[in-house]
Structures are given as structure tokens and as C-alpha cells.
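Under my numbering, the first residue of the sequence shown carries the number 2, and numbering increases by one thereafter.
No residue lacks a Cβ here, since even glycine has one placed at the ideal position from N, Cα and C.
One structure below.
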Amino acid sequence: MSEQKRRCCDLGGLDFIEVNGRKVGLIGLRQIFAEVAALGLSDPEKIAQALLACAEKTDWIPEENRSVYAAALLREYLAKMDGDKAD
2 MSEQKRRCCD LGGLDFIEVN GRKVGLIGLR QIFAEVAALG LSDPEKIAQA
52 LLACAEKTDW IPEENRSVYA AALLREYLAK MDGDKAD
């Protein structure tokens with residue numbers, strides 16, 4: 002993962018995903034997905050952990066909900082990657 006700091010003007014906006022039945026806004030979701038895709042990971046657990054690590058750079062994720070966020074991020078990431086393949 003890139004260690005460079007993201008700035009407010011290059012975060013890619015606010016996107017919403019469903020986490021535990023609620024819409025949650027995350028900053029820079031498209032950038033997060035791009036960073037993780039660039040890692041070339043294939044193991045879903047490693048992808049989920051990378052997504053979570055990237056998201057935590059700019060978004061607060063409650064400790065008690067980390068696994069739920071990781072699952073939601075992975076679900077959205079895989080849907081995005083499948084959608085990109087279809088295009």
C-alpha cells in the first residue's frame with residue numbers, strides 16, 4: 002500500500018456503502034479500491050484486510066465493527082471489480 006498521505010482535495014469524494022444494514026459514507030472509496038487492486042491480491046481475506054487498512058487512513062472505523070466493515074468493503078470491492086470486467 003502506498004504510504005503517501007492523501008490530501009482533502011485528492012480523496013475521490015464521499016461514497017456510501019451498506020454496513021450492517023446502514024448506509025455509511027466513506028471518503029475516497031474509489032481511491033481505496035484502486036490502491037488495493039494495484040496490490041494484485043487474490044486471497045479474499047488479504048483483500049479485505051488491505052481495504053480496511055486503506056479505509057482507516059481517512060475514515061474512522063469503530064474497533065468493534067472492524068470485521069463488519071471489512072466484509073462490506075470486500076463485498077463492494079468484488080462487485081466493482083466484477084462490474085469493471087464486464088465493461
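When DSSP states are grouped into helix, strand and coil, Lys58 belongs to the coil group. Leaving aside the five residues that flank Leu30 on each side, the residues in its chain whose CB is nearer than 6 angstroms to its CB run, in chain order, Asp16. Closest in C-alpha terms to Glu36, from the list Glu46, Gly22 and Ala54, comes Ala54. About 6 angstroms separates the Cβ atoms of Ala56 and Ile62, confirming a contact at the 8 angstroms cut-off. Sequence-distant Cβ neighbours of Val25 in its own chain, meaning closer than 7 angstroms and more than five residues away, are Phe17 and Ile18.
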